[in-house]
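Q: Below is the structure I would like to discuss, written out as structure tokens.
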Amino acid sequence: MLQQYNRIMVAVDGSQEAELAFKKALNVAKRNQAELLLLHVIDARAFQTMTSFDTMLAEQATDMAKNSLKEYEETAQKEGVDKIKTLIEYGSPKTVIAKYIPDEYNIDLILLGATGLNAVERLFIGSVSEYVIRHAPCDVLVVRTDLDNHLPKEEE
């Protein structure tokens, strides 16, 4: 019996790694005739100053996320995925991706791009993908390669 996924979430942020995850999510969603949830998490902590929350920066980030999600949604529709939901959330990307959204939307597969944190960055801030793998209530696919399973070429 083959595994059937019904609700697939892909975390997108405009990065090359997220783009790879999105492309693989399209294929998995089509194969499974699944709903595809496109999630962009805005880390609200990035807009806090010592005294206040910078609403102008947060609004700009939200507008950029809306535009990005619209492009992802249009691409998904062109590729034949017809059940698509887009979502912008605010908070810690780790917990939003691993806990909040999978529980609320009954997600059974999460795809996200592998980021290239070095050892010091992992020590201090931790890897989002590592956290999601450890805490998500469903299957997680961390994408490193393109659709042909090749590592992306380094930009020079």
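So the sequence shown is numbered by this note's numbering: it starts at 2 and just counts up by one. For every residue, glycine included, the Cβ atom is placed at its ideal position computed from N, Cα and C. Since the model is a prediction, treat every value here as computed from it, not as a measurement.
For Lys-154, which of helix, strand or coil comes out of DSSP?
A: In the structure shown, Lys-154 sits in coil (DSSP, three-state: anything other than H, G, I, E or B).
Q: Below 8 angstroms on the Cβ atoms is my guess for Ala-66 versus Leu-27; work out the distance and round it to an integer in Å.
A: Wrong, their Cβ atoms sit about 19 angstroms apart, outside the cutoff.
Q: Under a three-way DSSP split, which group does Lys-95 fall into?
A: It is helical.
Q: Just reading off the beta strand (DSSP E) that Ile-43 is part of, what are its end residues?
A: Ile-43 -> beta strand (DSSP E) spans 36-43.
Q: Just to confirm the assignment, what range does the alpha helix (DSSP H) spanning Leu-142 have?
A: No alpha helix (DSSP H) contains Leu-142, which is instead part of the beta strand (DSSP E) from 140-144.
Q: CB-CB under 8 angstroms to Lys-71, same chain, minus the five flanking residues each way: which ones, in chain order?
A: These residues qualify, in order along the chain: Thr-87.
Q: Would you call Gly-114 buried or exposed, if buried means 16 or more other Cβ atoms sit within 10 Å of its Cβ?
A: With 16 or more Cβ atoms within 10 Å of its Cβ, Gly-114 is classed as buried.
Q: Do Val-13 and Leu-40 have their C-beta atoms closer together than 8 angstroms?
A: Result yes, Cβ atoms of Val-13 and Leu-40 sit closer than 8 angstroms.
Q: I need the DSSP call for Thr-56, collapsed to helix, strand or coil.
A: Residue state, collapsed to three classes: helix.
Q: DSSP on Ala-12, reduced to helix/strand/coil?
A: It is a strand residue.
Q: Between the Cα of Val-144 and the Cα atoms of Arg-8, Lys-25, Gln-5, Ile-9, which residue gives the shortest distance?
A: Taking only the C-alpha atoms, the option nearest Val-144 is Lys-25.
Q: Taking Val-29 and Tyr-6 to be in contact with their CB atoms under 8 angstroms, please state how far apart those CB atoms are, rounded to whole angstroms.
A: Right, their Cβ atoms sit about 7 angstroms apart.
Q: Kindly indicate which three-state DSSP category Lys-71 falls into: helix, strand or coil?
A: Of the three classes helix, strand and coil, the one that applies to Lys-71 here is helix, per DSSP.
Q: Would you decide whether Leu-112 is buried or exposed? Buried here means 16 or more other CB atoms lie within 10 Å of its CB.
A: Under this definition Leu-112 is a buried residue.
Q: Roughly how many angstroms separate the alpha carbons of Tyr-91 and Ala-59, rounded to a whole number?
A: Taking the straight line joining both Cα atoms gives about 10 angstroms.
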